[in-house]
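Residue numbers (our numbering), protein chains in the order written: chain U, 1043 to 1156; chain R, 839 to 948. We put the beta carbon where it would ideally sit given N, CA and C, even for glycine. Structure first, commentary second.
Structural data, given as structure tokens:
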């Protein structure tokens, strides 16, 4: 059984650019959630996908968008990057939507916007 | 805004001592979870406690939950250097998302 993986590990972009981050869910998991973690803060929920459909969204602007593929891997896209988008981006997969389903986190992608 | 607030923000203890950190939250919950994060990497799930439970144990971890006070505590007994990490509580006030606090940074000195 493989864990949650994310790519790339680190990324440096400039303001106004676009970025795509990728996440492979743990085997057998059909739900993926994305979080943004600024330095010194806890993770903030961006959105969740369940069986390729968006299932909920946090307080993030539309320039944050996502996709989930038939194999349940996922992408987070951010357009028109701003300096405040610099953060650790975490994805987490779970076996379903039950509140007790543990969310398993990947190692994260560290995004720096200059 | 963060749903949970951990206290203290930072904690430094000697190896072998116990570490206690607290979490307060604002809205009703179904479950409360604790996660550990090493050096800005991914979060590792430690324990989940349901709203109808008052105490739960897992190895050297003890979690309590007081829903009347909207608070929880995490106790790590006989701490080790490997316990050095940031600890976060997360609540599930909304069905599809976890809301995290800002975390407690624990340093275990040898």
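Exposed unless 16 or more other CB atoms sit within 10 angstroms - verdict on residue i
i, result
"residue 874/R", "buried"
"residue 1127/U", "buried"
"residue 1134/U", "buried"
"residue 920/R", "exposed"
"residue 1129/U", "buried"
"residue 930/R", "buried"
Rounded straight-line distance, which links the Cα of residue j to that of residue i
i, j, result
"residue 1111/U", "residue 936/R", "23 angstroms"
"residue 903/R", "residue 947/R", "28 angstroms"
"residue 1117/U", "residue 1091/U", "10 angstroms"
"residue 846/R", "residue 914/R", "14 angstroms"
"residue 928/R", "residue 1124/U", "27 angstroms"
"residue 1106/U", "residue 855/R", "44 angstroms"
"residue 1074/U", "residue 1060/U", "21 angstroms"
"residue 843/R", "residue 863/R", "6 angstroms"
"residue 893/R", "residue 885/R", "11 angstroms"
"residue 1080/U", "residue 1153/U", "10 angstroms"
"residue 858/R", "residue 912/R", "6 angstroms"
"residue 1088/U", "residue 1076/U", "5 angstroms"
"residue 1093/U", "residue 1113/U", "9 angstroms"
Contact check, residue i vs residue j, beta carbons under 8 angstroms
i, j, result
"residue 1150/U", "residue 880/R", "yes"
"residue 901/R", "residue 923/R", "no"
"residue 1078/U", "residue 1131/U", "yes"
"residue 910/R", "residue 861/R", "yes"
"residue 1148/U", "residue 1046/U", "yes"
"residue 868/R", "residue 850/R", "no"
"residue 925/R", "residue 872/R", "yes"
"residue 1144/U", "residue 883/R", "yes"
Partners in chain R for residue i, counting only beta-carbon separations shorter than 7 angstroms
i, result
"residue 1083/U", "940"
Within chain R, partners of residue i - CB distance below 9 angstroms
i, result
"residue 1075/U", "934, 935, 936"
"residue 1087/U", "932, 934, 935, 936, 937, 938"
Interface residues of chain U facing residue i [CB-CB closer than 7 angstroms]
i, result
"residue 930/R", "1141"
Exercise. Examine the Cβ distances between the stretch 1058-1069 of chain U and the stretch 1091-1100 of chain U and report whether three or more of them are shorter than 8 angstroms.
Key: no
Quiz item: Are the stretch 1043-1054 of chain U and the stretch 1083-1091 of chain U touching by the rule of at least three beta carbon pairs closer than 8 angstroms?
Solution: no
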